[in-house]
Amino acid sequence: MLRVHRTKAQARASYDRMSGSYDLFAGAFEKRLRNLALARMDVAPGETALEIGCGTGHCLQQLAETVGPDGRVYGVDISPGMVAASRKRLARAGLLERVTLYRGDGAGLPLDDGQCDAAFMSFTLELFDTPEIPVVLGEIGRVLKPGGRLGVVSLAREEPLSTMVRVYEWLHQRLPRLIDCRPIYVEQVVAAAGFRIAHSEREGLWGLPARIVVGIARG
Ligand SMILES: C[S@@+](CC[C@H](N)C(=O)[O-])C[C@H]1O[C@@H](n2cnc3c(N)ncnc32)[C@H](O)[C@@H]1O
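For the sequence shown, the numbering used here begins at 1285 and goes up steadily by one.
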């Protein structure tokens, strides 16, 4: 798995710059996968859900609609611009009162132990450097209740590497700020963090493998 050389400050600045136009560039495949992954988590009315790397708030909106007036949603993003975009979307949808937004790093969550029934990451886990992936997943394990669900959709690294993955990784190494997501061993990192794998599904995104994984937090 390739390492990430961009700093958090660079990531924040880069997503801030993109926050106004991000939705114009998000492709149909990405949207489809994020919706599929959300559906696989089976979030129910009244539950508490968290999204790390909430971007412009599409999934936060869906989560807020699903948990309903008796549920709660938390959104965390490192970019103030993305948090502002999420806030705007939720306000427009009349859902802001169900959602608490935090500008912060997913590697240190401002939530209590066992506070959430479900946690979600869409094309965000692969932005964390390799040694930090267990830290983020450990934080999610901490804030989930025993039996809580973690849903991840991410670019996936699978052997033998396809030509497309080799080209993509080559581009990532040369243009790490532009091609910032890199494929990771999604199922393996979730399992290694102590989650029981309840679901794992392979998909393709522009010829790149992507994977939707649902892990269950152990008590
Ligand atoms: C590729 S975008 C995906 C956005 C959204 N999840 C989606 O699928 O449309 C990654 C998001 O993660 C956020 N992000 C990057 N590094 C982060 C970190 N260390 N902690 C929290 N959020 C982070 C970025 O600001 C950005 O909004």
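Glycine included, C-beta positions come from ideal geometry on N, C-alpha and C.
What you are looking at is a predicted structure, and each value in this text was computed from that prediction instead of being measured.
- Since Y1386 is in the beta strand (DSSP E), which residue starts that stretch and which ends it? 1383-1387
- Item | Under the three-state DSSP convention, the category A1293 falls into | helix
- Query: Looking at the structure shown, is C1343 part of a helix, part of a strand, or coil, going by DSSP?
  - Reply: Here C1343 carries a helix assignment [DSSP, helix/strand/coil].
- Query: Once you ignore the five residues that flank Q1345 on each side, which residues in its own chain have a CB closer than 7 Å to its CB?
  - Reply: R1373, L1374, A1377, L1379
- Tell me whether G1390 counts as near ligand 1, meaning its Cβ is closer than 6 Å to at least one heavy atom of that ligand. Checking every heavy atom of ligand 1 against the Cβ of G1390, one is found closer than 6 Å.
- What's the gap between the Cα of L1308 and the Cα of L1462? 16 Å
- How would you label G1390, buried or exposed, when you count the other beta carbons within 10 angstroms and need 16 or more for buried? G1390 comes out buried.
- Task: Determine the closest residue to P1464 out of V1497, Y1452, P1430, with distance taken between C-alpha atoms.
- Result: Per the sequence presented here, residue 1464 reads as Asp, with Pro not at that position. The residue with the shortest Cα to Cα distance from D1464 is Y1452.
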